[in-house]
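Residue numbers (our numbering): 115 to 366.
Backbone N, C-alpha and C define an ideal beta-carbon position, used for all residues, glycine too.
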């Protein structure tokens, strides 16, 4: 697969670069460049990222970082069985538990939420850092929802991390998952409160909490041109003609 000339391979993480030092230099450079392309495209073009990951795997399947990249590329394309196999291989090579939550989520993707819950209760979870433990909690709550256990999913997400006022990288996603579970359980007032809290903490736009909050408030965004040919993005109340100013808060 073609790689742009400006991709040198030096862009990759230094720990990954160190892993590649076991390879001949030319081969290491080729693998590194393919890994850079995986990282660049994983979100915007997961299918292309998957293609680059397969090239890297063909060149250096005995490198843990390559197996991990292959796992994430497969995961992004919902190839959960393949992703799980790659993550397991990477874990065997490194002995790290870092991939435990995403491995459990692969079990969910394969239709085995009970297995994901077993993993959530395994000793490996205690070895995860705080971010990993929060991720595991999110996966476990998702597994509960897969099984139709909405109340259990809500309880699973109730934690010191959820109650904390400090904003961490995982805060927005945790609050969003809690709000979504509450809404699924018919607890709309509480769900609105937590979607609002998710918006407050979502500094990088990792969730669509603002859209979900607008929906609960009966607001939709019109993408149309006004009579003067100017784009009209003002939110409008569903079922009515009143324009709601997004800065004014709720419209009761």
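When DSSP builds the beta bridges, which residues end up paired with residue 150?
-> Residue 150 is not bridged to any residue.
Does the pairing of the segment 235 to 242 with the segment 255 to 275 give three or more beta-carbon distances under 8 Å?
-> no
Would DSSP call residue 333 helix, strand or coil?
-> strand
Per-residue DSSP class, three states only, for residue 129 = helix
Between 117, 244, 192, 144, which lies nearest to residue 212 when the distance is taken from Cα to Cα?
-> 244
Out of 250, 120, 224, point me to the one whose CA is closest to residue 192's CA.
-> 224
Where the alpha helix (DSSP H) through residue 268 begins and ends | 264 to 271
Just to confirm, are residue 185 and residue 170 a CB contact at a threshold of 8 Å?
-> no
Quick one: using the 10 Å Cβ neighbour count with 16 as the cut-off for buried, is residue 140 buried or exposed?
-> exposed
Could you round the C-beta distance between residue 376 and residue 271 to whole angstroms and report it? I think they count as a contact, below 8 Å.
-> Residue 376 lies beyond the stretch modelled for the chain, which goes from 115 to 366, so this question has no answer here.
Exposed or buried, what is residue 115 when buried is set at 16 or more other beta-carbons lying within 10 Å of its beta-carbon?
-> exposed
Go ahead and pull the three-state DSSP assignment for residue 122.
-> coil
State buried or exposed for residue 160, treating a residue as buried only when at least 16 other CB atoms are found within 10 Å of its CB.
-> buried
Roughly how many angstroms lie between the CA atoms of residue 340 and residue 210, to the nearest whole one?
-> With a pLDDT of 47 at residue 340, under the threshold of 50, the modelled position of this residue cannot be trusted; read the value that follows with caution. So the two alpha carbons sit approximately 57 Å from each other.
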